[in-house]
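Undergrad: So that we are looking at the same thing, I have put the structure below in structure tokens.
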Amino acid sequence: MRQGKSGAKAPDRNRGPARWGARPRRAAKEPATARPTHAHKKGTAARAPVPSLLLLLLLLLLRTATADYNYQLHHSNFNYYYYYYYYYYYYYYYYYYYYYYYYYYYYYYYYFNRRCTAENTGLRP
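In the working numbering, the protein residues as written are 3 to 127.
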């Protein structure tokens with residue numbers, strides 16, 4: 003049990019400026035130069051954006067090729083009518099689906115409201 007012994011104790015972290023997350027300032031060994039954060043050495047510049055530009059060009063080429071393929075696919079007769087009826091069918095399917103549930107919940111809310119108000123006021127529904 004060495005708790006009572008005096009010696010090199012750890013500094014109390016609950017006291018002083020370190021309590022609020024600050025740290026003691028060190029003297030700067032060199033003037034703070036504005037340079038990118040990733041640069042580990044002095045004088046290292048940011049990398050040129052050539053790979054990202056090449057990637058952008060590749061994506062643009064892929065997009066034009068895919069757009070041309072989709073254009074040919076969509077503008078053949080079979081695919082045109084197929085997609086036309088496909089989207090037509092789904093549009094009306096979701097249209098009636100939406101209105102069915104809308105009126106269903108509206109009627110249920112109205113009926114429930116009437117029943118509850120009649121229950122609370124003493125009237126019969």
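Just so you know, even glycine gets a beta-carbon here, dropped at the ideal spot from N, CA and C.
(1) Run the proximity test for residue 70: is its beta-carbon closer than 7 angstroms to any non-hydrogen atom belonging to the ligand ATP?
(2) Residues in the same chain with beta-carbon distance under 7 angstroms from residue 94, minus the five sequence neighbours each way, listed in chain order, please.
(3) Where residue 59 and residue 112 are concerned, what is the direct C-alpha to C-alpha distance, given to the nearest angstrom?
(4) Note down, in chain order, each residue of its chain lying with its Cβ closer than 7 angstroms to the Cβ of residue 66, except the 5 sequence neighbours on either side.
TA: From the atom records:
(1) The ligand ATP is not part of this structure, which contains no ligands at all.
(2) Stepping through the sequence shown from its first residue, residue 94 is reached at position 92. Taken in chain order, the list of residues that qualify is empty.
(3) For the purposes of this step, residue 59 is identified with residue 57 of the sequence shown, where counting begins at 1. For the purposes of this step, residue 112 is identified with residue 110 of the sequence shown, where counting begins at 1. Roughly 59 angstroms separates the two Cα atoms.
(4) The residue you call residue 66 lines up with position 64 of the sequence shown. Residues of the same chain with a CB within less than 7 angstroms of the CB of residue 66, apart from the 5 flanking positions on each side, do not exist.
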